[in-house]
Structure formats: structure tokens, C-alpha cells
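Below is one structure, written out as C-alpha cells; the observations come after it.
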């Protein structure tokens, strides 16, 4: 009966969101915030329809959150069409690298001196909370491959990169807690977890995305099967192969999957020409920011397009639609579960940590970097505020729980992580639409 109840509740939540979407879109609230509240209402503190033991569920929750992040990273990579020489990549790399490392350091110092935690526990929790989320931050990221806004592109690239770049620091926290006084442990960590695993994941994924994309387009053009090929299978295959290939060579699978989506997008640019419009918009109409099914949307004038443009457009449109569907479904499910367990794991210290992280540490880290004219002051403040935490932090939490944490530390990590993520969903969820409306209005005035 437990499985039946879970499915029934999930169906009820999805139906509620579907029926109320026309009302919610006019409110300053995100879908994630609504799901969080619904989860709390149906959890033990509310109607008591669902219960979840975090300790018993940590194994399958690790893999469930991992799958959610993988799909989101792949879709994120598909949306970033700008070449690497574009200045927006400086923003993305700066946020995913120096800003994230400084954020980890800032949170670690706060936890160590402010809450008297050991350096190992402080670094671990800081690393769990530092990366921004590619799943819950959809509203502030690139929604369309044509979008080259510096703020949205930078936040998208940051979310795609830092979910993998945070991994070595999570491992560093675990090593600090568990190392056996081996004098070479720091060098081993630096060599294996940073200098090898990060570039290996990026290069393996990008190479696979470019190679599989080129092979796929060539075969479909040769056999004239662009409109009937199962692109959802291709997306699943590329995600799986990029992840497994990187992990088998001790690279980071998250980075590999993001780079695979990026490589596939760049192969589309190369094969169809550096057109102003992405290939999917050449062969299909767009409703708002959501792609419709390409096989039902191909324009009647595709004869004027080259075969590569038709094949690439249908492939990219299918993959974006499929990946976004899985991403949204996983978001609803996981955030609802977070709401179910939130009351039992609430920790008041999250109010102080969230306030410091959202209002001081993250903004100061962003503003402090020398962007050299890439971002103006208002853009820096906006990026500093939109450091949304979510499913990525939950994955790192469950990864740490499954790697030998002491019971007291496991409880501390669980309570703080769930509470801070919930605070981010609520605070950022309520401020996203008004802040973006203000930003777009300023852009129009300047134009």
C-alpha cells in the first residue's frame, strides 16, 4: 500500500499543479515553493499521508537525486550555444570556479568559528551547500538557445559546471574527517580529485557529444530518417555513456554529462552553420519558451533548408523537450519529498546560515571578483542574489551519508542541508519573478 499511496499523492500533486498553473503564473511564487508547501501539508506534520525515513532511504535517494541532476545538466549544456570565446563564458567559469571556492571557504569559516564544528565537518557542509542548482533555477537560467544574456548565461554555465567542480571539495571534507594521518593524503586528493577528475570529465563528455552528434547527423542524412528517429533514446544513451565513461576513468560524471550536452550543441552549430537561430527554431515553431513536438511542428517550407539543418533541428528539439519533461517531473517529486521530511529535520541554525550565505557570502564573493567590464554593478548584485540551492545539494548530502559519517554528524548534515535548501526554495522562489521583472525593465530602458 505504501507504493500505491506514493503514486496517488504524486499524481494528486501533479494534477494540482496542472489545474492551478494559470493562477500560479501570475503569482510571485515558483513551482518548487508550491511543491514544498504541498509536501509539508501531506507529510507527518500535516495530513500524515506520507512518511520518509532519511536514513533508510539514503541509498535510493542518492541515485534518484543523481538522475535528476544528470538530466538537468544535459539539458543545461544543450541550451548554451555561444562559442567559448564569447565573454559570457568568462562569467560562467568565474562563478563556477573562484566564486564557488570562496563560497565554500566562507561557509566553512562560519561553521567552524560560529558553530564550533570541526574543519572536516565545516568543509563538508560548506561543499554540500556551495553549488548552485541546475534543476530549481530554471527561471533565472537560459530558457532558449538564442538567449545570450550575461546574467542568465552565467548562471546556467555556473550551475552546469559547479555541480561537478564541487565534488572534489565534498571528498576533501570526507577525507578530513576520515584520513589516517597519511602525510601524502593532500597530494593524492589534489592530483586525483582536482587535477585529473575535473578536466577528464569535461574532455570525455565534450568529445562524446561532438563525436556522437556528428555520427548521428551523418547517418540520418544518409538514410533520410530525420523525422522518425528516436531522439529520446539518443539522449538517454548519451547521458548514460558520458557518465559511465567518465566514472570508469575516474573523472566526474556530472561534468561529463554537462559537457556532452554542450558538445552536441556545438556540433549542431558547426553542422548547420553559425546561424542566428538555433536549428530547432528553423524547423519548428516555439510556444513561449517550451518546445512542441518537432515531428508535428515541421514547417512546410523546410525544402529551403539544408538536410543538416532539418536533421539537427529535429534532434535538438526532441532532446530539449524530453529532457525538460523529465527534469520538471523529478523536480516536483523531489521537492515534494523535501517538504514531507522538512518539519522533522528543521534546524533553527539554518536561518543564520542561510542569511549569511544568501545575503553576505555569495554576493560578496561575486562582487569581489574583477569582472573587467563583463558585468555591470546591477548584474553582479543580481547574480549574487540568485545562488539558488536545491537538488544538487541533496545529492551531495546523500552521497556523504552513504560514505561512513558518524551518526551525530550525519544528523547534523541532514538537518542543516534540508533546512537551507528549503529556505532557498522559499526565499528565492518568492523573489525570482519580481527581481527578473525589474531586471528586464532596466534592460528595456537602456535599449
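Numbering (the numbering used here), first residue to last: -17 to 429. For glycine and all other residues, C-beta sits at the position ideal for the given N, C-alpha and C.
First through last residue of the alpha helix (DSSP H) which encompasses residue i
i, result
"residue 157", "149 to 160"
"residue 249", "235 to 254"
"residue 17", "13 to 24"
"residue 75", "70 to 76"
"residue 89", "82 to 91"
"residue 53", "36 to 61"
"residue -15", "-16 to 6"
"residue 288", "Per DSSP, residue 288 belongs to no alpha helix (DSSP H) and is neither H nor E."
"residue 264", "261 to 265"
Which of helix, strand or coil DSSP assigns to residue i
i, result
"residue 303", "helix"
"residue 123", "coil"
"residue 30", "coil"
"residue 139", "helix"
"residue 100", "coil"
"residue 295", "helix"
"residue 177", "helix"
"residue 370", "coil"
"residue 131", "coil"
"residue 427", "helix"
"residue 415", "helix"
"residue 145", "helix"
"residue 222", "helix"
"residue 384", "coil"
"residue 445", "This structure gives no information on residue 445, because the portion of the chain shown stretches from -17 to 429."
"residue 340", "helix"
"residue 399", "helix"
"residue 276", "Because the pLDDT at residue 276 is just 40, under 50, the model does not fix this residue reliably, and the value given afterwards should be weighed accordingly. Reduced to three states, the DSSP call for residue 276 is helix."
C-beta atoms of residue i and residue j nearer than 8 Å
i, j, result
"residue 116", "residue 374", "yes"
"residue 56", "residue 235", "no"
"residue 154", "residue 178", "no"
"residue 140", "residue 384", "no"
"residue 331", "residue 408", "no"
"residue 237", "residue 146", "yes"
"residue 85", "residue 344", "yes"
"residue 190", "residue 230", "no"
"residue 221", "residue 52", "yes"
"residue -13", "residue 31", "yes"
"residue 386", "residue 160", "yes"
"residue 111", "residue 323", "no"
"residue 47", "residue 380", "yes"
"residue 240", "residue 299", "no"
"residue 105", "residue 90", "yes"
"residue 365", "residue 77", "yes"
"residue 158", "residue 102", "yes"
Status (buried if at least 16 other CB within 10 Å, exposed otherwise) for residue i
i, result
"residue 423", "exposed"
"residue 245", "buried"
"residue 215", "exposed"
"residue -15", "exposed"
"residue 420", "exposed"
"residue 427", "exposed"
"residue 425", "exposed"
"residue 416", "exposed"
"residue 118", "buried"
"residue 219", "exposed"
Cβ distance (whole Å) where residue i is taken to contact residue j below 8 Å
i, j, result
"residue 132", "residue 38", "The Cβ separation is near 45 Å, so there is no contact."
"residue 137", "residue 340", "Rounded, the Cβ-Cβ distance is 15 Å, inconsistent with contact."
"residue 135", "residue 122", "No, residue 135 and residue 122 are not in contact; Cβ-Cβ is about 11 Å, not under 8 Å."
"residue 192", "residue 248", "7 Å"
"residue 262", "residue 195", "That belief does not hold up - the Cβ atoms of residue 262 and residue 195 are roughly 14 Å apart, past 8 Å."
"residue -1", "residue 16", "7 Å"
"residue 395", "residue 107", "6 Å"
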